[in-house]
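Colleague: These protein sequences, in sequence, are chains A and B.
Under this note's numbering, read the first sequence as residues 5 to 219, first letter to last.
Under this note's numbering, read the second sequence as residues 9 to 327, first letter to last.
Shown below is the structure under consideration.
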Amino acid sequence: MWPSIRAVLITLVLFFCVVEAAPLPTLKKRHLNRQIAQDETDRWVSILGAFGVEVPREVLIQKVLKASRKSGKLQKRLIRPWRKFERPLGLSQRWGLFTFTDSYPGRLVIEARRGDDGWSELYRAPHDDGSVLVDLLHYRRVRGIWDDAGDRPYPGKLYNRWVTWLGGRIFELYPQVDAIRLRFDRVDIQPPTARNRHTTEETKHERTRFREDYR
Amino acid sequence: MKAWVELWDRHEPPHVLAVVRMLIAAVVMVDFAHIYGLDLVETFYASSADGGLANLGSRNPKPLLYRWLPLESSTAWWSLCAAFFSALAFGTGTLTRLSGLVFVLASANLAQILPPTDRAIDTLLRNMVLLLSFSSSHRVWSVDALVRYRRWSGDPRPTPAWPRFLIIIQLFIMYFTAGVQKVGLTWTPVGDWSALYIVLRDPAFAVLSDPTLDAFYRVTQLATISTWLWEWSTPVAAYALWCRATHTRPGRIRAWLNTSAFWPKWVIVGACFHLGIAATMRLGMFPYGVLALYPAFFPGVEWRRWLRRNPETKTPPLG
């Protein structure tokens with residue numbers, strides 16, 4: 005009797021896991037703020053056009069958004085009882101690993117001001133000089149914060165708090181620094197074979213912190 | 009239906025599960041030690057009023073431990089200690105099932121306090137620890153075995169093999185859905201197979217210099233194609249595993265998959281990808297966390313055969 009019950013339970017668990025992991029479209033309006041999403045949309049419009057399917061850009065976006073809404077709703081409904089069990093235990097089956105490679109990632113740059121010496125660069129991603137600051141910034145959980153909250157079209161809720169915290173750490177590590185300036189430079193990554201290779205870097209989310217504000 | 013019930017009722021010695029248990033514990037403990045070493049305990053797990061990044065005061069519902077303990081920095085330390093010591097107990101096999109469940113709750117508590125610090129690998133390892141908590145991994149190479157059987161090697165008699173099968177299925181689900189979701193055009197010829205080149209140049213993860221990557225662009229293209237094909241071939245790998253388990257049955261495809269050793273080759277390529285990730289990207293414990301699950305791809309008898317270089321022993325690969 006027990007082997008049959010166990011097989012049923014395992015089947016049930018597998019059903020929920022597979023439904024939750026099912027790679028359904030999950031596009032949301034906010035995703036379209038990213039340059040990479042704009043580029044991908046344009047490319048899809050031209051690919052479909054090459055196959056004789058003429059779809060205006062806006063129509064394509066609306067169709068994908070609608071499909072995403074519907075499939076998302078269905079998926080949520082199916083796994084609702086399972087999610088009640090998963091959530092408190094921090095379990096999940098969403099594995100979107102590098103689904104879209106961002107050709108326009110942000111490069112974290114930190115500058116420091118020492119007295120009257122003016123601003124000088126303290127860190128420029130992905131530079132690794134083995135310092136404590138670099139160890140801190142490269143630790144995966146810290147990177148998770150600045151990469152998620154900072155490297156995006158609009159900074160996340162955590163971004164300002166993180167900058168303030170980082171300022172405190174830098175002022176501890178470098179007693180001679182009296183101000184820091186932090187920003188993300190948008191990098192254009194183009195393959196070596198690309199015809200139009202951009203080298204310009206746009207700056208975003210610049211923040212400044214002063215030692216005197218920490219006293 | 010009968011075959012399905014029989015599949016989940018197979019038995020095998022629990023050594024592989026014990027190895028996976030110890031490897032997972034080792035990986036997460038090293039990671040927790042980093043949090044302590046970098047003085048990030050209060051930054052991550054205390055409330056903003058106590059110098060932390062999380063705004064816990066206004067949050068409802070509060071993370072698990074903060075429902076019972078005061079909103080003080082000491083609770084941040086209790087949170088990390090609970091996760092670290094439950095991982096230690098789980099790895100050494102001390103009250104294994106209980107410590108596994110405590111670890112899952114403690115790790116989920118850390119995730120609830122500051123969600124951006126919790127990555128996919130943390131979720132994967134929580135899934136696996138919960139699964140192992142229901143397994144018999146503690147029957148060998150554990151303090152539990154030492155107490156019960158008076159020897160560290162414990163009781164090697166066969167135990168249910170379904171937890172190992174579920175670890176394999178979890179990896180199948182992860183790899184296949186990750187592959188199917190790689191719909192960005194850079195993963196295709198339209199985007200010049202440039203996905204890995206772009207990922208490897210992302211300043212957040214980059215290890216190699218831009219000129220190096222430019223010089224090896226063709227290699228990154230090949231790696232992009234290989235990654236994509238390897239992830240998409242997961243169903244074939246699942247079928248190959250089934251064919252290995254039923255190698256006495258007829259069928260040309262079954263015979264080809266078995267004689268070409270498709271399954272072990274697929275696993276070795278996967279391990280190489282993760283080692284490649286570890287060498288070329290700054291992703292923390294991700295590659296090591298996934299590799300900790302790789303022993304589950306083969307039953308204990310096969311590992312023993314390889315380690316003792318004894319090709320004489322032939323056993324059904326699923327156990």
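Virtual Cβ for every residue (Gly too), placed ideally from N, Cα, C.
Whose C-beta lies closer than 8 Å to the C-beta of A153 (chain B) among residues of the same chain, with five residues either side of it excluded?
Modeller: So the qualifying residues of the chain are G101, H146, R147, R159, W160, S161, G162, D163.
Colleague: With burial defined as no fewer than 16 other Cβ atoms inside 10 Å of the residue's Cβ, what is the status of F19 (chain A): buried or exposed?
Modeller: When all chains shown are included, F19 (chain A) counts as exposed.
Colleague: Who does H19 (chain B) pair with in a DSSP beta bridge?
Modeller: The partner list for H19 (chain B) (beta bridge, DSSP) reads B:P168.
Colleague: Exposed or buried, which one is D46 (chain A) when buried takes at least 16 other CB atoms within 10 Å?
Modeller: With fewer than 16 Cβ atoms within 10 Å of its Cβ, D46 (chain A) is classed as exposed.
Colleague: Which residue from B:M136, B:A169, B:E50 puts its Cα closest to that of A84 (chain B)?
Modeller: The shortest Cα separation from A84 (chain B) among B:M136, B:A169, B:E50 belongs to B:E50.
Colleague: Which of helix, strand or coil does DSSP assign to L18 (chain A)?
Modeller: Helix at L18 (chain A).
Colleague: Go ahead and label Y328 (chain B) buried or exposed: buried means 16 or more other beta carbons lie within 10 angstroms of its beta carbon, across all protein chains shown.
Modeller: With chain B covering 9 to 327 only, the question about residue 328 (chain B) has no answer from this structure.
Colleague: If you follow the beta strand (DSSP E) that G99 (chain B) is part of, which residue opens it and which one closes it?
Modeller: Element bounds for G99 (chain B): not the beta strand (DSSP E) but the alpha helix (DSSP H), 81-100.
Colleague: Just list the residues that DSSP pairs F188 (chain A) with in beta bridges.
Modeller: DSSP, once it has assigned bridges, lists A:L112, A:K208 as partnering F188 (chain A).
Colleague: If you draw a straight line from the alpha carbon of P159 (chain A) to that of F188 (chain A), how long is it in whole angstroms?
Modeller: So the two alpha carbons sit approximately 10 Å from each other.
Colleague: Does F104 (chain A) get closer than 8 Å to chain B when you measure Cβ to Cβ?
Modeller: With 8 Å as the cut-off, F104 (chain A) counts as an interface residue toward chain B.
Colleague: When the Cβ atoms of the region 72-91 of chain A are set against those of the region 157-172 of chain A, are three or more pairs found closer than 8 Å?
Modeller: Touching, no, given that fewer than three Cβ pairs across the two stretches are closer than 8 Å.
Colleague: Can you pull the chain A residues whose beta carbon is under 7 Å from the beta carbon of L193 (chain B), in chain order?
Modeller: Those are E44, R47, listed as they occur along chain A.
Colleague: Grab me the residues of L77 (chain B)'s own chain with a C-beta within less than 7 Å of its C-beta, minus the 5 sequence neighbours each way, in chain order.
Modeller: Result list for L77 (chain B): T83, W86, in chain order.
Colleague: Of all Cβ atoms in chain B, is any one closer than 8 Å to the Cβ of Y143 (chain A)?
Modeller: Judged by the 8 Å Cβ criterion, Y143 (chain A) is in contact with chain B.
Colleague: Quick check on DSSP: helix, strand or coil for S4 (chain A)?
Modeller: Lying outside 5 to 219, the shown extent of chain A, residue 4 (chain A) is not represented and no answer is given.
Colleague: For A57 (chain B), return the contacting residues in chain E, with the cut-off set at a CB-CB distance below 9 Å.
Modeller: Absence of chain E from the displayed structure is noted, the protein chains being A and B.
Colleague: When you compare the CB positions of F102 (chain A) and E44 (chain A), do they come within less than 8 Å of one another, or not?
Modeller: In this structure, E44 (chain A) does not lie closer than 8 Å to F102 (chain A) by Cβ.
Colleague: Does DSSP put R117 (chain A) in a helix, in a strand, or in coil?
Modeller: Three-state result, R117 (chain A): strand.
Colleague: Alpha carbon to alpha carbon, what distance is there between E80 (chain B) and R215 (chain A)?
Modeller: Distance between the alpha carbons of R215 (chain A) and E80 (chain B) is about 26 Å.
Colleague: Which residues of the region 124-144 of chain B have a Cβ closer than 9 Å to any Cβ of chain A? Give them in chain order.
Modeller: The residues in question are P124, T125, D126, R127, A128, I129, D130, T131, L132, R134, N135, L138.
Colleague: Over what stretch of residues does the alpha helix (DSSP H) that includes E239 (chain B) continue unbroken?
Modeller: It spans 225-240 - the alpha helix (DSSP H) in which E239 (chain B) sits, taken as one unbroken run.
Colleague: L78 (chain A) to E24 (chain A), Cα distance in whole Å?
Modeller: The alpha-carbon atoms of L78 (chain A) and E24 (chain A) are separated by roughly 11 Å.
Colleague: Taking DSSP as the reference, what is the three-state secondary structure of R213 (chain A)?
Modeller: If DSSP states are grouped into helix, strand and coil, R213 (chain A) belongs with the strands.
Colleague: What number of angstroms, rounded off, separates the C-alpha of K70 (chain A) from the C-alpha of G192 (chain B)?
Modeller: Going by the C-alpha atoms only, they are around 19 Å apart.
Colleague: Note down the Cα distance separating A41 (chain A) from G100 (chain A), rounded to an integer number of angstroms.
Modeller: For A41 (chain A) and G100 (chain A), the distance between alpha carbons rounds to 16 Å.
Colleague: Which of the three DSSP states is assigned to E58 (chain A) in this structure?
Modeller: If DSSP states are grouped into helix, strand and coil, E58 (chain A) belongs with coil.
Colleague: Is there at least one Cβ from chain B nearer than 8 Å to R211 (chain A)'s Cβ?
Modeller: Judged by the 8 Å Cβ criterion, R211 (chain A) is not in contact with chain B.
Colleague: Do you know offhand how far A329 (chain B)'s Cα is from P71 (chain B)'s?
Modeller: The structure shown does not extend to residue 329 (chain B), since chain B spans only 9 to 327, so no value can be given for it.
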